[in-house]
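*Asks:*
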Amino acid sequence: MKLIEFNNSSSREVYNNYIARCKKATKVLSDADREECLLEINSHIYEYIQDHTATDELENLKTVLQQLGEPEVTLKEYVAAKKIDQAVTTFNPKHLIQALYFNIRNGIMYIFLSVLTLFFCCFFLLAVFKIIYPNNVGFFCSDDNFMFGYTTIPDPANELLGFWFAPLMLVISALLYLLCVFILKGIKKVKKV
Amino acid sequence: MKEDFLKNWDTQLKKGLLPLFVLQALRNKECYGYELIQELKSAAGIDISEGTIYPLLIRLMKEELLHYKWVEQPSGIPRKYYSISQEGKKCLTEMKKSLETTHSKIRKL
Chain A
269 MKLIEFNNSS SREVYNNYIA RCKKATKVLS DADREECLLE INSHIYEYIQ
319 DHTATDELEN LKTVLQQLGE PEVTLKEYVA AKKIDQAVTT FNPKHLIQAL
369 YFNIRNGIMY IFLSVLTLFF CCFFLLAVFK IIYPNNVGFF CSDDNFMFGY
419 TTIPDPANEL LGFWFAPLML VISALLYLLC VFILKGIKKV KKV
Chain B
338 MKEDFLKNWD TQLKKGLLPL FVLQALRNKE CYGYELIQEL KSAAGIDISE
388 GTIYPLLIRL MKEELLHYKW VEQPSGIPRK YYSISQEGKK CLTEMKKSLE
438 TTHSKIRKL
């Protein structure tokens with residue numbers, strides 16, 4: 269992106285600071301979405317400055333930046349919507365978690381999806397723990413009680429799943445992840461976010 | 338008190354009609370963001386903030402009512418030109434019909 273040239277060093281500083289904040293606010297986006305967003309902001313600032321050349325450059329810059337608003341606030345909706353697009357098209361858990369983080373206040377479904385995400389993370393971690401602590405992790409079932417997960421007092425004789433525990437946890441984790449993505453796709457279709 | 342009420346009502350009305358204003362403005366000619374704000378201000382007297390217009394443009398594009406293209410400029414800073422799609426034109430016609438129906442209902446009262 270070509271930066272705008274200013275005559276006044278204070279203007280340059282204010283502008284650079286604003287663009288840096290925009291870059292920070294959009295850093296979770298894909299490179300293409302981020303570039304598109306920054307280009308449009310830059311273009312708007314430039315057009316405003318060009319339209320007001322008769323008045324003070326710094327004052328004009330401050331006015332247009334004030335009109336555009338605080339990047340952290342005004343870009344929130346854009347970032348949240350773009351993150352959902354990314355989460356449902358890339359099948360990357362990182363984007364799903366980020367999309368839910370940015371949309372958590374946008375409705376009860378996002379809270380529900382966050383809980384589902386927490387579950388798929390837990391099932392995945394259980395698979396990992398099974399490999400690290402094979403004796404302490406599993407589905408222990410005796411006559412009077414049962415225990416699913418990690419325990420400090422393992423009872424290997426009563427562990428039901430054995431070798432299949434880790435693969436089963438991975439499958440459940442993957443299914444929960446896919447469920448989250450498909451629900452998110454459904455919300456996106458209904459809301460057209 | 339009455340003036341405040343009317344002013345508030347007028348603001349809400351214009352806010353609700355904003356997608357129609359934007360589609361109508363872009364039906365006449367394609368515009369870049371800053372130009373569209375100026376167009377709405379000069380032709381329709383709507384003082385719209387940047388924080389409102391850009392999210393609205395994004396929503397209208399998601400609905401496939403608008404298209405956009407980047408056009409390189411001699412300055413090296415390209416402009417993002419928005420234009421109305423066929424779907425947008427159909428939608429605009431329906432919106433205008435709905436507005437006329439509402440208007441005629443008010444007159445009948």
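Protein chains in written order, with this note's numbering: chain A, 269 to 461; chain B, 338 to 446. The beta-carbon is built from N, C-alpha and C at its ideal position, and this holds for glycine as well. Remember, predicted model here, so these are calculated numbers, not experimental data.
Any idea what DSSP makes of Leu297 (chain A), helix, strand or coil?
*Replies:* Walking along the first sequence from the start, residue 297 (chain A) turns up at place 29. If DSSP states are grouped into helix, strand and coil, Leu297 (chain A) belongs with coil.
*Asks:* State the start and end residues of the unbroken beta strand (DSSP E) segment that holds Arg444 (chain B).
*Replies:* Sequence index remark: in the second sequence, residue 444 (chain B) carries index 107 (1-based). From DSSP, Arg444 (chain B) is part of no beta strand (DSSP E) but of the alpha helix (DSSP H) over Gln423 to Lys445.
*Asks:* Under a CB-based cut-off of 7 Å, is Gln334 (chain A) close to chain B?
*Replies:* To locate residue 334 (chain A), count along the first sequence from 1; it is residue 66. No, its Cβ sits nowhere closer than 7 Å to a Cβ of chain B.
*Asks:* How close, in whole Å, do the beta carbons of Ser422 (chain B) and Glu401 (chain B) come, if the pair is a contact with beta carbons under 8 Å?
*Replies:* The residue you call residue 422 (chain B) lines up with position 85 of the second sequence. The residue you call residue 401 (chain B) lines up with position 64 of the second sequence. Confirmed, Cβ separation roughly 6 Å.
*Asks:* Give me the Cα-Cα distance between Ser412 (chain B) and Tyr314 (chain A), rounded to the nearest whole angstrom.
*Replies:* Translated into positions along the second sequence, residue 412 (chain B) becomes position 75. Translated into positions along the first sequence, residue 314 (chain A) becomes position 46. Cα-Cα distance, rounded: 10 Å.
*Asks:* Do you know offhand how far Leu381 (chain A)'s Cα is from Val439 (chain A)'s?
*Replies:* Counting from one through the first sequence, the residue named residue 381 (chain A) turns up at place 113. Counting from one through the first sequence, the residue named residue 439 (chain A) turns up at place 171. Taking the straight line joining both Cα atoms gives about 18 Å.
*Asks:* Taking the alpha carbon of Gly388 (chain B) as the point to measure from, which residue in A:Tyr401, A:Thr419, A:Phe387 and A:Gly337 has its own alpha carbon closest?
*Replies:* If you number the second sequence from 1, residue 388 (chain B) lands on position 51. The shortest C-alpha separation from Gly388 (chain B) is found at A:Gly337.
*Asks:* Under 7 Å Cβ to Cβ from Leu377 (chain B), same chain only, skipping five residues before and after it: list those, please.
*Replies:* Reading the second sequence from its first residue, position 40 is the one you call residue 377 (chain B). Once the five neighbours on either side are set aside, the close Cβ partners of Leu377 (chain B) are Phe358, Ala362, Ile383 and Ile385.
*Asks:* Measuring only between beta-carbons, confirm whether His320 (chain A) sits less than 7 Å from chain B.
*Replies:* Counting from 1 along the first sequence, the entry for residue 320 (chain A) is found at position 52. For His320 (chain A), the answer is no, since every Cβ of chain B falls outside 7 Å of its Cβ.
*Asks:* Using a Cβ-Cβ cut-off of less than 8 Å, give me the residues of the region 385 to 417 of chain B that come near chain A, in sequence order.
*Replies:* If the cut-off is 8 Å between Cβ atoms, the region 385 to 417 of chain B has Ser386, Glu387, Gly388, Tyr391, Pro392, Ile395, Arg396, Lys399, Glu400, Trp407, Ser412, Gly413, Ile414, Pro415, Arg416 and Lys417 near chain A.
*Asks:* Just to confirm, is the Cβ distance from Tyr286 (chain A) to Leu333 (chain A) under 7 Å?
*Replies:* In the first sequence, the residue the question calls residue 286 (chain A) occupies position 18. In the first sequence, the residue the question calls residue 333 (chain A) occupies position 65. Contact flag set, yes.
*Asks:* Would you please verify whether the beta carbon of Tyr419 (chain B) is less than 7 Å from any beta carbon of chain A?
*Replies:* The count along the second sequence starts at 1 and reaches residue 419 (chain B) at position 82. Chain A, which has no Cβ nearer than 7 Å to the Cβ of Tyr419 (chain B), makes this no.
*Asks:* The beta strand (DSSP E) spanning Lys406 (chain B) covers which residue range?
*Replies:* Start at 1 with the first residue of the second sequence, and residue 406 (chain B) comes out as number 69. Segment Leu403 to Val408, the beta strand (DSSP E) holding Lys406 (chain B).
*Asks:* Starting from Phe408 (chain A), trace the beta strand (DSSP E) both ways and give me its first and last residue.
*Replies:* Taking the first sequence and counting its residues from 1, one reaches residue 408 (chain A) at position 140. Run containing Phe408 (chain A): Val405 to Cys409, per the beta strand (DSSP E) assignment.
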